[in-house]
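Encoded as structure tokens, the structure appears first; notes follow it.
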Amino acid sequence: MERPSILRLADPARIAELAHREYQAGEYERAELHCMQLFHQDPENTSTLLLLSSIHFQCRRMERSAYFSHLAIKQNPLMAEAYSNLGNVFKERGQLKEAIDNYRHALSIKPDFIDGYINLAAALVAAGDMESAVNAYATALQYNPDLYCVRSDLGNLLKALGRLNEAKVSNHSVLRRAATTGCPDAVYFICAVGGNQLTSGDSGLSGQSTHNWICEFSPPLASSCYLKAIETCPTFAVAWSNLGCVFNAQNEIWLAIHHFEKAVTLNPSFLDAYVNLGNVLKEARIFDRAVAAYARALTLSPNNAVVHGNLACVYYEQNLIDLAIDTYKRAIELQPNFPDAYCNLANALKEKGKVAEAEEYYNTALRLCPSHADSLNNLANIKREQGKAEEAIRLYMRALEIYPEFAVAHSNLASMLQLQGKLQEALLHYREAIRISPTFADAYSNMGNTLKELQDVADVCLDTPLCNGHTTGMDVLWAGCPVVTLPLETLASRVAASQLHTLGCPELVATSQEDYVRIASKLGNDREYLQAMRAKVWKARESSQLFNCRSYASDLEKLYGRMWQQYESGNIDHITD
1 MERPSILRLA DPARIAELAH REYQAGEYER AELHCMQLFH QDPENTSTLL
51 LLSSIHFQCR RMERSAYFSH LAIKQNPLMA EAYSNLGNVF KERGQLKEAI
101 DNYRHALSIK PDFIDGYINL AAALVAAGDM ESAVNAYATA LQYNPDLYCV
151 RSDLGNLLKA LGRLNEAKVS NHSVLRRAAT TGCPDAVYFI CAVGGNQLTS
201 GDSGLSGQST HNWICEFSPP LASSCYLKAI ETCPTFAVAW SNLGCVFNAQ
251 NEIWLAIHHF EKAVTLNPSF LDAYVNLGNV LKEARIFDRA VAAYARALTL
301 SPNNAVVHGN LACVYYEQNL IDLAIDTYKR AIELQPNFPD AYCNLANALK
351 EKGKVAEAEE YYNTALRLCP SHADSLNNLA NIKREQGKAE EAIRLYMRAL
401 EIYPEFAVAH SNLASMLQLQ GKLQEALLHY REAIRISPTF ADAYSNMGNT
451 LKELQDVADV CLDTPLCNGH TTGMDVLWAG CPVVTLPLET LASRVAASQL
501 HTLGCPELVA TSQEDYVRIA SKLGNDREYL QAMRAKVWKA RESSQLFNCR
551 SYASDLEKLY GRMWQQYESG NIDHITD
């Protein structure tokens with residue numbers, strides 16, 4: 001291996017300038033050689049000591065970085081940048097209290113030190129002190145409102161705290177500026193937002209659905225920004241990664257994987273892209289490749305608690321429960337204020353039959369974050385299995401207060417209500433679960449069971465003449481329950497009659513108010529007639545066109561075909577002459 005040559009310059013200022021340029025270009029070895037030349041000439045030069053501290057930090061040599069920071073502080077106890085560098089070392093080691101103390105000391109020396117506020121905010125987020133982190137980001141923006149990357153982090157943080165309107169104000173104007181003007185700083189901001197999304201905003205540890213922050217505004221705008229960045233600089237790995245985030249948000253999994261892989265090819269040290277790649281591979285259940293992506297991320301950042309937590313999730317999905325437990329515990333060791341990790345560790349322990357220990361970890365997660373909906377739902381499951389129905393229902397309802405779009409909690413609550421005989425309430429929650437997650441098989445199955453139970457509860461449905469049941473009427477008929485209706489003059493008053501005629505049960509359609517009462521009375525008083533009518537409705541479901549969706553689609557397709565043929569032949573039916 002060739003040793004890089006050292007440029008021997010008489011003027012220390014020129015050597016210092018060269019070292020700074022090399023540092024900015026990522027040529028850390030050459031920058032270090034030139035800095036050491038300056039250090040030997042003047043070991044008390046604080047600028048040299050500070051740059052050496054930064055170089056060693058970038059090269060992951062934490063002891064050396066701290067050493068040169070201490071030397072700089074010894075020479076100048078009021079050098080805020082040196083305390084900030086020392087804080088970076090402590091943060092990387094997971095010593096968050098020491099990191100925060102150093103950042104705050106730096107800011108007490110230099111109140112307008114923007115990087116100090118940004119570093120402090122990141123450490124506070126890692127420590128779980130979100131409100132203080134918001135204040136730190138806000139202070140940085142007071143000194144420079146055009147820090148788009150800081151607006152990105154602040155927007156994500158506000159969103160995580162549920163302060164959505166503030167988050168949108170923080171981000172929306174810059175998004176439009178990036179898409180319409182191509183402003184380089186604004187485009188970088190957009191890339192930063194997307195890059196943060198899957199790495200910090202979506203740890204992969206929670207069962208709750210999360211959305212790409214950029215795409216909440218407009219996926220086309222986000223794509224436009226990233227494509228503009230790639231067009232300007234095809235090797236811009238951040239833009240490739242964040243375009244992958246857009247595709248992932250649009251459920252274009254293979255395109256997302258391709259773009260993340262392109263990003264790490266362009267920049268093999270791109271931590272966020274490896275994490276994003278691991279997350280999307282995990283969601284696609286390509287577990288071996290997800291493990292490889294997370295492993296690469298951990299070589300770049302061995303103490304990254306989120307990556308350890310995501311890797312543990314993959315082990316859990318692979319049924320490597322013991323390995324998952326060990327990896328979750330490592331994530332918690334690195335970041336004790338990590339409710340997602342406690343929740344998922346509890347899931348794994350419950351899988352091993354350690355229910356009491358699992359319950360303890362769910363409660364720990366809730367002490368750290370009382371609004372942790374996954375822990376509330378999972379703790380409710382334990383209470384349900386212990387026969388504590390009311391406590392389970394209370395926990396499910398609390399989870400849904402916090403996160404109304406939580407499909408699993410809706411389904412779990414519905415199952416409890418079903419057991420208590422509250423079938424209509426159960427149906428409402430099953431429907432919500434299916435609306436949120438249309439492929440939720442368990443919810444469909446359990447809803448079917450509930451409808452079957454309702455069939456045995458409801459003898460007859462008396463339709464309201466003025467405005468008939470539409471979807472409700474279809475649900476009732478599908479459950480095998482006869483519907484009595486009286487068609488009037490309006491469309492809304494004739495829907496049920498149309499359904500019953502199509503089903504082959506015209507005897508349930510009254511011709512007058514007196515006839516309506518007669519049909520209802522007969523069904524209520526003549527049990528044999530009621531049973532026969534219920535059997536007829538139940539059997540007709542399978543043979544009638546009413547529930548034959550395939551036939552509807554086929555007939556509509558034929559109609560479109562006839563319309564097109566008529567149009568092509570020039571024989572057009574005009575609406576007016």
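Taken in order, the sequence shown gives residues 1 to 577; the numbers are from full-length UniProt numbering.
Cβ atoms here follow ideal geometry from the backbone N, Cα and C, with glycine treated the same way.
Nothing here was measured: the structure is a model prediction, and the numbers come from that model.
Whole-Å CB distance - residue i paired with residue j, under 8 Å assumed
i, j, result
"Ala19", "Leu51", "6 Å"
"Cys343", "Ser375", "5 Å"
"Asn267", "Cys245", "With a Cβ gap of about 16 Å, Asn267 and Cys245 do not count as contacting."
"Val134", "Leu154", "7 Å"
"Ser54", "Ala16", "That pair is no contact at about 13 Å."
"Leu71", "Leu49", "5 Å"
"Leu451", "Trp478", "7 Å"
"Asn468", "Ala492", "6 Å"
"Leu271", "Ser241", "About 10 Å; that fails the 8 Å criterion."
"Asn85", "Phe57", "7 Å"
Status (buried if at least 16 other CB within 10 Å, exposed otherwise) for residue i
i, result
"Lys97", "exposed"
"Pro145", "exposed"
"Thr464", "exposed"
"Pro482", "buried"
"Phe555", "It should be noted that the sequence gives Asp, not Phe, for residue 555. Flag for Asp555 reads exposed."
"Asn571", "exposed"
"Arg527", "exposed"
"Asn251", "exposed"
"Ala31", "buried"
"Glu22", "buried"
Closest Cα partner of residue i within the set the options
i, options, result
"Leu141", "Thr502, Phe113 and Arg435", "Phe113"
"Glu261", "Ala292, Val484 and Ala535", "Ala292"
"Tyr28", "Glu542, Thr471, Cys59 and Glu391", "Cys59"
"Ile286", "Gly469, Cys313, Cys549 and Pro77", "Cys313"
"Gly480", "Leu488, Glu542 and Thr511", "Glu542"
"Asp340", "Ala80, Glu317 and Cys369", "Cys369"
"Ala392", "Gln75, Ala399 and Lys383", "Lys383"
"Phe90", "Leu78, Tyr103 and Met79", "Tyr103"
"Ala407", "Gly278, Tyr444 and Ala348", "Tyr444"
"Val307", "Leu86, Leu413 and Glu333", "Glu333"
"Glu432", "Glu405, Asn347 and Arg367", "Glu405"
"Pro438", "Gln424, Glu22, Gln75 and Ser411", "Ser411"
"Glu63", "Leu559, Arg93 and Lys352", "Arg93"
C-beta contact flag for residue i and residue j at 8 Å
i, j, result
"Tyr137", "His105", "no"
"Asn88", "Asn119", "yes"
"Val509", "Leu503", "no"
"Leu227", "Ile257", "no"
"Val476", "Leu462", "no"
"Tyr430", "Met447", "yes"
"Ala80", "Gly116", "yes"
"Ala237", "Ala273", "yes"
"Ala297", "Ile253", "no"
"Tyr396", "Leu413", "yes"
"Leu488", "Leu523", "no"
"Ile325", "Leu345", "yes"
"Ser403", "Ala373", "In the sequence as presented, Ser is not what sits at residue 403; that position holds Tyr. A contact, by the Cβ cut-off of 8 Å."
"Ala66", "Ala99", "no"
Coil, strand or helix - residue i by DSSP
i, result
"Lys477", "As written in the sequence, residue 477 is Leu, which differs from the Lys given in the question. Reduced to three states, the DSSP call for Leu477 is helix."
"Val193", "Bear in mind that the predicted position of Val193 carries a pLDDT of just 47, short of 50, making it unreliable; the figure below should be weighed with that in mind. Val193 falls in the helix class under three-state DSSP."
"Thr450", "helix"
"Leu491", "helix"
"Thr485", "strand"
"Cys505", "coil"
"Cys313", "helix"
"Cys35", "helix"
"Cys549", "helix"
"Leu428", "helix"
"Cys461", "strand"
"Ala16", "helix"
"Ile572", "coil"
"Leu320", "coil"
"Phe247", "helix"
"Phe440", "coil"
"Leu205", "For Leu205, the predicted structure reports a pLDDT of 32, less than 50, and the residue's modelled location is therefore unreliable. A value from the coordinates is still provided. Looking at Leu205 - three-state DSSP - the assignment turns out to be coil, as it is neither helix nor strand."
"Ser241", "helix"
"Ile100", "helix"
"His70", "helix"
"Asp374", "helix"
"His470", "coil"
Cutoff 8 Å: residue i Cβ touching any chain D Cβ
i, result
"Leu477", "In the structure shown, chain D does not exist; there is a single protein chain."
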